[in-house]
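Peer 1: So that we are looking at the same thing, I have put the structure below in structure tokens.
Protein chains: 2
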Amino acid sequence: MTSLNKITDFRRPVAINLANRPTASSCDDCGARRHGLCDALSDDEVGFLARAAQHVSLQPNTVFIEEGEAALYFYNINSGNVRLFKSLPDGRRQITGFAGPGHFLGLAATTKNMFSAETMEPVKLCRFSRSSIAAVFEEFPVLERKLLDVAMHELVLSQQQMLLLGRKTAIERIASFLLSWAERLEICASGALPKPNVSMPLPLSRTDLADYLGLTIETVSRSLSNLKREGLIDIPNIHEIILLRPQALSDIAEAAV
Amino acid sequence: MTSLNKITDFRRPVAINLANRPTASSCDDCGARRHGLCDALSDDEVGFLARAAQHVSLQPNTVFIEEGEAALYFYNINSGNVRLFKSLPDGRRQITGFAGPGHFLGLAATTKNMFSAETMEPVKLCRFSRSSIAAVFEEFPVLERKLLDVAMHELVLSQQQMLLLGRKTAIERIASFLLSWAERLEICASGALPKPNVSMPLPLSRTDLADYLGLTIETVSRSLSNLKREGLIDIPNIHEIILLRPQALSDIAEAAV
DNA sequence: CGGATCATTGATACTAGTCAAGTCACGTGG
DNA sequence: CCACGTGACTTGACTAGTATCAATGATCCG
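First to last, the protein sequences are chains A and B.
If you count by the numbering used here, then the first sequence holds residues -12 to 244, one letter each, in order.
If you count by the numbering used here, then the second sequence holds residues -12 to 244, one letter each, in order.
If you want it as structure tokens, here you go:
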């Protein structure tokens, strides 16, 4: 807690501008209308919700939630992906997760943000003030149920990630990540393996990958090269991975004995 | 997912026995009556809740939730502490958190348990079947609000733990842990430092500590010895730590620059 | 007192980090 | 169209921090 204002000393983000307001005031064509929270509401209810929201467009690499700052807003992402992370004063960074369309951010019942959030691509989101959200919950208790479901799932994911960060080797982390990423992209069902030879976009940079998996970019690169050399994956280009042998990846990821 | 049934091959737990039923059918003298979920309810409501619950007493080191098993029950802890963990087939273990009186376990909306839970001491808890809980939520929507608050706080804690596991050195992990443990014991307010020279019980074994911090017991022991040699802590006995210089600990924990 | 268990300390090994050089892809401008 | 520059990635050589292996010490309990 000593000097959190320093955490952006490196990797300086694009200056934030939340002033540029509504582009789409209707929710009908919103990318998140059928996802996440809004999916739990009727059209009328979403209309009510929309009147409490400000619609914001953000450029790539914009930090719109900064750890330690006053938590004035909640956010519901409409389009684009963001990374969530925590940093140490000396610049070390841990990405704790990713959030896409339908994800709801900033709900912790604290007055300060407990993590930072940065766009990875152009992002559109709805912003709610903390005061307005209380009324929304009052109006739609179903939202709490929905948020509880989401939060429990996030907890499951973070427990998996703790096992990965605390106990897995570099190659196990990479293999685990590739399979969980396939699940996230819905290339395969939760808990199931993708079919051999499926191709998968990987929009993350090696730096993001390293900061998510608790490794360095060099180790990430070497581990990917190893998996490629062993014929478990192919890497046609930086942002695409082909899972040649998912079962073998799984054996590594789960340390099968 | 290859051979989860092997995870208890070592560290074999005491055989579980959930058959020994009610000791206290009244909630009045329950250790959790003024904590966690039950604190959010009136006496009448708790009475209703109690009729849906089975009261269970467990011996120390009893695994009562096993990862991969069918998730038939929810649990509310009344007294005693438990460790939550995930394991790899070769025995590596990551403790993902601890739960005490008032904590609610097993809520994830999956049909299989996504983690294991083991008592650390004699534990009393209330057990609810998954079917009964739906009715309870129907009856008391306030519980969902409460659970959401708890879940969000758990998420904050697990993000902190991910930063620790992914990016902190051994000595930083130990220093961070000692301060967060002081917070958990309410020796100091959340985010604040304890006063110098406060004594703190540490009921964890070195093995638990290592499995929680992603280290080995040897590294835990060495790091504690270092902190003692440097005069930041004292260790009068294995299960007690005196925080001589909390500010210095914090400087290490947060990597102050 | 003896044995078991857990913790500490020491010596060594190994994984992943650091430092540095080289490669590749891409966009710009001559 | 190609030279150049930039940034991201890969690969190699070496180092450092933590794990592993092993021995010793402390504590508890019968």
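Yeah, the Cβ is synthetic: ideal placement off N, Cα and C, and Gly gets one too.
1. Examine the Cβ distances between the region 79 to 98 of chain B and the region 197 to 207 of chain B and report whether three or more of them are shorter than 8 Å.
2. Note down the Cα distance separating Pro47/B from Ser163/A, rounded to an integer number of angstroms.
3. With H, G and I counted as helix, E and B as strand and the rest as coil, what does DSSP make of Gly178/B?
4. Given a limit of 9 Å on CB to CB distance, which residues of the region 31 to 43 of chain B reach chain A?
5. Considering only the alpha carbon of each residue, which of Ser103/A, Phe127/A, Asn63/A lies closest to Leu74/A?
6. Determine, using beta-carbon pairs with one atom in the region 58 to 66 of chain B and one in the region 110 to 118 of chain B, whether at least three such pairs fall under 8 Å.
7. So which residues on chain B does Pro76/A lean against when the C-beta distance must stay under 8 Å?
8. Run through the DSSP bridge pairs and tell me what Arg80/A is partnered with.
9. Straight-line CA distance for His90/A to Leu180/A?
10. State yes or no: is the C-beta of Met149/B within less than 8 Å of the C-beta of Ser167/A?
11. Give every residue of the same chain whose Cβ lies closer than 6 Å to the Cβ of Thr194/B, excluding the five residues on either side of it in the sequence, and list them in chain order.
12. Taking Cβ-Cβ distances shorter than 7 Å, what residues in chain A pair up with Asp136/B?
13. Nearest to Ala121/B by alpha carbon, out of Lys111/B, Leu94/B, Met101/B, Lys215/B?
14. How many angstroms separate the CA atom of Leu219/B from the CA atom of Glu170/B?
15. Applying a beta-carbon distance threshold of less than 8 Å, which residues of chain B neighbour His140/A?
16. If you check the beta carbons only, do Leu172/A and Met187/A fall under 8 Å apart?
17. Return the bridge partner residues of Gln41/B from the DSSP annotation.
18. I think Leu236/B touches Leu134/B, with their Cβ atoms under 8 Å apart; what is that distance to the nearest whole Å?
19. What is the DSSP secondary structure of Ser210/A, reduced to helix, strand or coil?
20. For Ile225/B, does the three-state DSSP call read helix, strand or coil?
21. With C-beta atoms as the reference, is Arg70/A less than 8 Å away from Phe85/A?
22. Among the candidates Thr49/A, Asn213/A, Cys25/A, whose CA atom is the shortest distance from the CA of Glu105/A?
23. Could you run through the region 178 to 209 of chain A and flag, in chain order, every residue whose CB is less than 7 Å away from some CB of chain B?
24. Please tell me whether Leu231/A and Ile161/A are closer than 8 Å, where the distance is taken between their beta carbons.
25. Note down the Cα distance separating Pro128/A from Pro88/A, rounded to an integer number of angstroms.
Peer 2: Answer, in terms of the structure:
1. Between the region 79 to 98 of chain B and the region 197 to 207 of chain B there are three or more inter-stretch CB-CB distances shorter than 8 Å, so the stretches are counted as touching.
2. Pro47/B and Ser163/A have their C-alpha atoms roughly 33 Å apart.
3. Coil at Gly178/B, not helix or strand.
4. For the region 31 to 43 of chain B, no residue has a beta-carbon sitting nearer than 9 Å to a beta-carbon of chain A.
5. Note that residue 74/A is Ser in the sequence shown, not Leu. Looking at the Cα atoms, Ser103/A is the closest of the given residues.
6. Output reads yes: the region 110 to 118 of chain B touches the region 58 to 66 of chain B.
7. Neighbours of Pro76/A on chain B, chain order: Glu241, Ala242, Ala243, Val244.
8. By DSSP's assignment, Arg80/A forms a beta bridge with Ser74/A.
9. Going from the Cα of His90/A to the Cα of Leu180/A covers about 25 Å.
10. No, Cβ-Cβ distance for Met149/B and Ser167/A is not below 8 Å.
11. Here the set comprises Ile204.
12. Residues of chain A with a Cβ closer than 7 Å to the Cβ of Asp136/B are, in chain order, Ala96.
13. Nearest neighbour of Ala121/B by Cα position, chosen from Lys111/B, Leu94/B, Met101/B, Lys215/B, turns out to be Leu94/B.
14. Their backbone Cα atoms lie some 17 Å apart in a straight line.
15. What His140/A touches in chain B: Ala95, Ala96.
16. Yes; because the gap between Cβ atoms is below 8 Å, this pair is in contact.
17. The partner list for Gln41/B (beta bridge, DSSP) reads Arg114/B.
18. With a Cβ gap of about 33 Å, Leu236/B and Leu134/B do not count as contacting.
19. Looking at Ser210/A - three-state DSSP - the assignment turns out to be helix.
20. It is coil, neither helix nor strand.
21. Yes, they are a contact pair.
22. The option with the nearest alpha carbon to Glu105/A is Thr49/A.
23. Against chain B - using a Cβ distance shorter than 7 Å - the residues of the region 178 to 209 of chain A are Gly178, Gly201.
24. At least 8 Å separates the beta-carbon of Leu231/A from that of Ile161/A.
25. For the pair Pro128/A and Pro88/A, the Cα-to-Cα distance works out to about 22 Å.
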